[in-house]
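According to the working numbering, the sequence shown is numbered sequentially starting from 648. Where a beta carbon is used, it is the ideal one built from N, C-alpha and C, also for glycine. Let me begin by presenting the structure, written as structure tokens, before commenting on it.
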Amino acid sequence: MNNYSKLNNILGWIVFAIASFVYISTAEPTASFWDCGEYIATAYKLQVGHPPGAPLFQLIGRFFSLFAFGDTSHVALMVNIMSGLSSSFTILFLFWTLTMLGRKLAAKSGEMSEGKMLAIFGSAAVGSLAYTFSDSFWFSAVEGEVYAMSSFFTALVFWAILKWDQHADEPHSFRWLIFIFYLIGLSIGVHLLNLLAIPAITFVYYLRKYKASPKGLIITFGISILLLAFIMNGIIPLIAKLAGMFELFFVNTIGLPFNSGTIIYFLLLIGGIVFGIRYTRQKQKVVWNTVIWAFTGILIGYSSFFMLVIRSNANTPIDENNPEDAISLLAYLNREQYGTWPIFYGNYFNAPIVEREDGSPVYRKSREEGKYIVINDKKATVPVYDPDFSTIFPRMWNNQEQRYIDDYKVWSKLKGIPTTVDNEMGEPTTLYKPTFGENLRYFFRYQLSHMYFRYFMWNFSGRQNDLQGFANRKDGNWITGIKFIDEARLGGPVLDVPKSLENKAENKFYMLPLILGLIGLVYQIRKDRNNFYVVLLLFIMTGLAIVVYLNQH
648 MNNYSKLNNI LGWIVFAIAS FVYISTAEPT ASFWDCGEYI ATAYKLQVGH
698 PPGAPLFQLI GRFFSLFAFG DTSHVALMVN IMSGLSSSFT ILFLFWTLTM
748 LGRKLAAKSG EMSEGKMLAI FGSAAVGSLA YTFSDSFWFS AVEGEVYAMS
798 SFFTALVFWA ILKWDQHADE PHSFRWLIFI FYLIGLSIGV HLLNLLAIPA
848 ITFVYYLRKY KASPKGLIIT FGISILLLAF IMNGIIPLIA KLAGMFELFF
898 VNTIGLPFNS GTIIYFLLLI GGIVFGIRYT RQKQKVVWNT VIWAFTGILI
948 GYSSFFMLVI RSNANTPIDE NNPEDAISLL AYLNREQYGT WPIFYGNYFN
998 APIVEREDGS PVYRKSREEG KYIVINDKKA TVPVYDPDFS TIFPRMWNNQ
1048 EQRYIDDYKV WSKLKGIPTT VDNEMGEPTT LYKPTFGENL RYFFRYQLSH
1098 MYFRYFMWNF SGRQNDLQGF ANRKDGNWIT GIKFIDEARL GGPVLDVPKS
1148 LENKAENKFY MLPLILGLIG LVYQIRKDRN NFYVVLLLFI MTGLAIVVYL
1198 NQH
């Protein structure tokens, strides 16, 4: 057993070293496209980037930027190397996760043998290194974006719940659970993607403590979604919302100085937590004591957002949305500037507006008046759409730009149902209401096939090139590297081009990662169904569930 643990650690660090060498040697020397430049700049000087912020990423990025030793031309490289190391640590914990899952499989068929050890370490190395060189992960590993560090937290959290599973029968195993919730709190300061590991974590707990049953699995899934929603839509905004309510009351109503309400609120919150911990310990309420500690862990991790308020008050050059107090921080965390989008029920893109409701007023600090004043009452700013043009699971909803509408029509092959409505002038006009079938066609053809499955196959099969794809046969498609398959799928012969003209982003994996993954899927469902459910849920939540939630256009 000691030999197994020693080899597990050594091989894990070897895989880490391989990944680190690859990512550091291929790191971008400067800023990449999109948000990378902003993240690098805000990390370098601890400034306030776009909502909802990534303060922990910026704090760690600031530390790495110090290794530029004052040479600003190397700051971007240092932040990019931070992403590379975050990614290689992801690979490290992925390796150890795979060995833990493999060990559970091996334990079902008797004692550990050298052959089983070789199979476990070999499969873990293949799996972790396949992920190391996968298209999307390698891409994010070499640029100054939050996704590399977010992947690290996801890998670390999932590894931690499997470690808890190993020690669940020991007296102090709950410490692993508290550690996990602390990591979740920290990860909020990087990206919310890490929260999608919560359902899988909940399943590990259920399957360790209870005998699996269809009813139990359904109930556990429901609880996991509620927990995810509670953290995402409860704890994250509610902490700031309550602080804002206290601040408004104590400043505007009672007349105390600015920030008095916020200080009182956090003193009450800390006092309540301390009382809860002491009370549950005295009364031997272990479960509730663990719950309060877990909540405390989330708050401690989440406290990285204080950095944004502190730096916003310093009026840094980049100070997006100016979240200087609890009130403005709430709008920042809620990403109010981006608006909302429907997920399970809502309007089609051409739904008429029947009325407009009031939104939440916007407050700003007035030092002259010594209180918070309304600078935008947001009267009649929230549109209410015609219910006849609303549907369950709306996929074609965005009417902000004509190009979105044009794309809806192309991907869904929209014909619609002629429907007569009154326009804003009270005159009858005919609109073509999309059918639910057209709505689903857009979902399957664009959101699932083009925006998910295509990316999925880039990593598990191969990638044609890095040109932006517009559903034509020559740009951005997935390929296999097997000529007759690619020619049949892309609708004609794939032209051979000279080496000098080949796109450097072309990858040919010959579907080997996909085949290995499918073999592993079948093997695990036959040999270890419980952990199959866990891995499947993590796979769905970090893939298909994101597609449904984002409702891309």
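Given a cut-off of 9 Å, decide if residue j and residue i are closer than it, judged by their beta-carbon atoms.
i	j	result
Leu745	Ser775	yes
Pro904	Asn981	no
Thr963	Val695	yes
Tyr1051	Gly993	no
Lys1043	Phe1100	Contrary to the premise, residue 1043 reads as Met rather than Lys in this sequence. No, the Cβ-Cβ distance between Met1043 and Phe1100 is not below 9 Å.
Val1009	Ala978	yes
Leu1087	Phe1040	yes
Pro861	Leu1184	no
Arg828	Ala941	Note that residue 828 corresponds to Phe in the displayed sequence, not to Arg. The answer is yes: Cβ separation under 9 Å.
Ile924	Thr943	yes
Asp972	Gly891	yes
Leu765	Ser951	no
Leu748	Leu703	no
Tyr670	Trp785	yes
Please name the residue in the options whose C-alpha comes closest to that of residue i.
i	options	result
Ala795	Cys683, Phe1083 and Ile1166	Cys683
Thr1189	Val789, Ala766 and His838	His838
Asn1070	Val1195, Glu1002 and Leu724	Glu1002
Met954	Trp935, Gly836 and Lys1012	Gly836
Phe1090	Pro999, Arg1014 and His1200	His1200
Leu739	Phe714, Thr801 and Leu706	Thr801
His721	Lys755, Glu675, Thr689 and Asn1177	Glu675
Pro698	Leu752, Trp1125 and Ile965	Ile965
Ser1055	Pro1065, Lys1080, Gly1073 and Trp681	Strictly speaking, residue 1055 in this sequence is Tyr, with Ser absent from that position. Checking every option, the nearest Cα to that of Tyr1055 belongs to Lys1080.
Gln705	Leu864, Lys763, Tyr691 and Gly948	Tyr691
Leu824	Leu840, Ser834 and Thr849	Thr849
Tyr651	Phe1156, Gly762 and Ile865	Gly762
Trp1204	Asn1177, Ala772, Trp1125 and Val851	The question about residue 1204 has no answer here: the residues shown for the chain are numbered 648 through 1200.
Leu1191	Ala887, Gly986 and Leu840	Leu840
Arg1173	Lys755, Ser783, Leu1159 and Ala890	Lys755
Leu803	Phe736, Phe784, Trp785 and Arg822	Phe736
Ile945	Leu875, Ile865 and Asp1053	Leu875
Gly1138	Gln929, Asn1124 and Ser770	Asn1124
Gly769	His814, Gln929, Val662 and Thr719	Val662
Ala1027	Ser1037, Asp1005, Asn1046 and Asn1045	Asp1005
Gly948	Gln931, Gly717 and Ile882	Ile882
Ile990	Ile865, Phe1117, Ser1037 and Met1098	Ser1037
Assuming residue i contacts residue j (C-beta within less than 8 Å), just tell me the rounded distance between them.
i	j	result
Asn1106	Ser734	Not really, about 14 Å apart at Cβ, beyond 8 Å.
Phe893	Thr909	6 Å
Tyr1019	Asn906	Their Cβ separation, rounded to whole angstroms, is 11 Å, which puts Tyr1019 and Asn906 out of contact at 8 Å.
Gly791	Ala723	6 Å
Gly708	Ser667	Gly708 to Ser667, Cβ: 18 Å. No contact.
Ile878	Leu830	At roughly 12 Å, the Cβ-Cβ gap does not stay under 8 Å, so Ile878 and Leu830 are not in contact.
Trp988	Asn1198	5 Å
Ala678	Ile687	6 Å
Ser1108	Leu1161	6 Å
Ala1152	Asn1112	5 Å
Asp812	Arg750	Contact doesn't hold; Cβ gap of about 11 Å is too wide.
Met1014	Ile1022	The identity of residue 1014 in the sequence shown is Arg, whereas the question assumes Met. With a Cβ gap of about 14 Å, Arg1014 and Ile1022 do not count as contacting.
Thr1201	Gly1063	There is no way to answer for residue 1201, as the model of the chain reaches only from 648 to 1200.
Tyr1157	Gly1128	5 Å
Phe826	Ala807	6 Å
Can you give me the C-alpha to C-alpha distance between residue i and residue j, rounded to a whole angstrom?
i	j	result
Thr779	Asp1035	49 Å
Ile616	Leu895	This structure gives no information on residue 616, because the portion of the chain shown stretches from 648 to 1200.
Tyr1093	Val1194	10 Å
Glu758	Phe742	22 Å
Ile1166	Phe1179	13 Å
Pro999	Val933	54 Å
Asn969	Ser1007	18 Å
Ile767	Phe1131	35 Å
Gly863	Ile901	51 Å
Glu1085	Ala753	48 Å
Glu1048	Gly986	14 Å
Leu1061	Glu1074	25 Å
Between residue i and chain C, is any beta-carbon pair separated by less than 9 Å?
i	result
Thr963	Among the chains of the structure shown, chain C does not appear; only one protein chain is present.
* Asked: Where are the alpha helix (DSSP H) runs, 4 residues long or more, that stay fully inside the stretch 743 to 820, in chain order?
  -> 761 to 779, 782 to 788 and 794 to 814
* Runs of alpha helix (DSSP H) lying entirely within the stretch 1000 to 1030, each at least 4 residues, in chain order -> none
* To do: Quick one: which unbroken alpha helix (DSSP H) runs of 4-plus residues sit fully inside the stretch 713 to 740? Chain order, please.
  => Listed in chain order, nothing qualifies, since the stretch 713 to 740 has no complete alpha helix (DSSP H) run of 4 or more residues.
* Counting only runs that start and end within the stretch 1169 to 1197, where is the alpha helix (DSSP H) found for 4 or more residues in a row? -> Annotation: the stretch 1169 to 1197 contains the following complete segments of the alpha helix (DSSP H) (minimum length 4 residues), in chain order: 1176 to 1188 and 1191 to 1197.
* Run through the stretch 876 to 937 for me and flag every whole alpha helix (DSSP H) of 4 or more residues, listed as ranges in chain order. => Secondary structure within the stretch 876 to 937: the alpha helix (DSSP H) runs of 4 or more consecutive residues, fully enclosed, are 883 to 895 and 907 to 929 (chain order).
* Asked: Which parts of the stretch 936 to 1006 are runs of the beta strand (DSSP E), unbroken and 3 residues or longer, counting only runs that do not cross its ends?
  -> 992 to 994 and 1000 to 1004
* Report the residue ranges of all alpha helix (DSSP H) runs contained in full by the stretch 829 to 864; include only those spanning at least 4 residues, in chain order. => 845 to 856
* **Length-filtered (4 minimum) alpha helix (DSSP H) runs lying within the stretch 1087 to 1125** => 1101 to 1107
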